[in-house]
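Step one of this worksheet: look at the structure below.
2 protein chains.
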Amino acid sequence: MPRLRLPRPPANGAREVPSVETIDSSYLETLLGYNARRAALSVIEVFLEAMAPYKLRPVDFSVLSLVAHNPGITSRQLCSALGILPPNLVGMLNALEKRELVSRLPHPRDGRAMGLHLTPGGEKLVRDAEKTASELEAGVAGRLSPAELKTLIKLLKKIYQPD
Amino acid sequence: MPRLRLPRPPANGAREVPSVETIDSSYLETLLGYNARRAALSVIEVFLEAMAPYKLRPVDFSVLSLVAHNPGITSRQLCSALGILPPNLVGMLNALEKRELVSRLPHPRDGRAMGLHLTPGGEKLVRDAEKTASELEAGVAGRLSPAELKTLIKLLKKIYQPD
DNA sequence: TATTGTTATACTCTATAACTATA
DNA sequence: TATAGTTATAGAGTATAACAATA
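For the record, the sequence lines run as chains A and B. Quick note on full-length UniProt numbering: the first sequence kicks off at 1 and runs consecutively. Quick note on full-length UniProt numbering: the second sequence kicks off at 1 and runs consecutively.
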């Protein structure tokens, strides 16, 4: 019977209320969801700091980048591409429009919709922010080799893009 | 991703306000953070459904599982292991205690702390829930081979566990 | 003086119902 | 009738400050 390595072992033979020295997370670490969430939070934390100078949250960055690469994209299309709900996009777009980064133009062939476009200032901000984001990717190479990073992204895509 | 077919754009050479047919997300898909978040959300969505019969959210599952594998663990230790803040754990523990899944016992060697333990009902629930969770892992094998899953988890750990 | 658990509270994120104008 | 954008609002998740009891 192994002796317990506690600061003050119980003096009697009664059952003892246990306490924990080192936390055992080994079971949770076998689960994909646990690891994916922890990793996502970790990466997003770094991303948040890097985007602070541009005053962009991850979702703002995603919106601006999609508008940059898809000029004329509609709110609805943005929502379905990013998994956000229409009511929650309105405020973001209002803020980005107030900062004169995006503008809402009438859609050429659908009177209900608005096409989204970057202003010149928006174009420049996105260029700079995307440059910073891509440098951040390279910086991950301190932990992961380029090959590992490529593999990781490929496997992540397999998870959320069932093809 | 819905692919809405809009009326054909006018074929003139004049300056035209563009619209978007197919959304180009290729730049965002080069970023680790974007892929990690999408994958985490996708996995957690499935996990949520699987845990619904047990009335456990992912965080409840994590808490119960850690208590199961670390009987006597304190609130503070749970918080640091799971990255949650003490004030936000209180309500969860109250709810789990009310459901008679966990009990707070006085800590054997620290009068300020409470040691957390599972009730017999909690033990059974965790056993069943962990079984379901592990079966879910195997189910991912429909998209990923066991080797790919192992690689993915290894790389995710490298991201959030800098060693 | 520092730490554990706790309360109160605020802020962000996400979700639902309903309205308007156009299709 | 259905869809795009919007408003209002509710709920969940996450954050900080401060307090009592104990170390």
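Beta carbons: idealized from backbone N, C-alpha and C, even for Gly. Computed from a predicted structure; not experimentally measured.
Boundaries cannot be given for residue 56 of chain B, as no alpha helix (DSSP H) includes it and DSSP labels it neither H nor E. Annotated three-state conformation of residue 69 of chain B is helix, per DSSP.
DSSP places residue 108 of chain B in the coil class of the three-state scheme, outside both helix and strand. Legend: CB atoms of the segment 98-111 of chain A lying less than 9 Å from CB atoms of chain B belong to residues 105, 106, 107, 108, 109 and 110. For the 9 Å CB-CB criterion, residue 159 of chain B and residue 144 of chain A form a contact. Taken atom to atom, the span from the alpha-carbon of residue 86 of chain A to that of residue 113 of chain A is near 12 Å. Residues of chain A whose Cβ lies closer than 7 Å to the Cβ of residue 24 of chain B are, in chain order, 69 and 70.
Assignment of beta strand (DSSP E) within the UniProt domain "HTH marR-type" (25-161) of chain B, counting only whole runs of 3 or more residues, yields 102-106 and 114-118 in chain order. By the C-beta criterion, the segment 61-79 of chain B is judged to be in contact with the segment 23-34 of chain A, since at least 3 inter-stretch pairs fall below 8 Å. Residue 118 of chain B is outside the set of residues whose beta carbon lies under 9 Å from a beta carbon in chain A. A direct Cα-Cα distance of roughly 59 Å separates residue 121 of chain B from residue 105 of chain A. Residue contact check for residue 127 of chain B against chain A: no CB pair falls below 9 Å.
Taking all protein chains shown into account, residue 19 of chain B has 16 or more neighbouring C-beta atoms within 10 Å of its C-beta and is therefore buried. A check of alpha carbon separations from residue 35 of chain B across A/33, A/40 and A/34 identifies A/40 as the nearest. Rounded to the nearest angstrom, the gap between the Cα atoms of residue 16 of chain B and residue 115 of chain A is 12 Å. Under a criterion of Cβ atoms nearer than 8 Å, the residues of chain A adjacent to residue 62 of chain B are, in order, 28 and 34.
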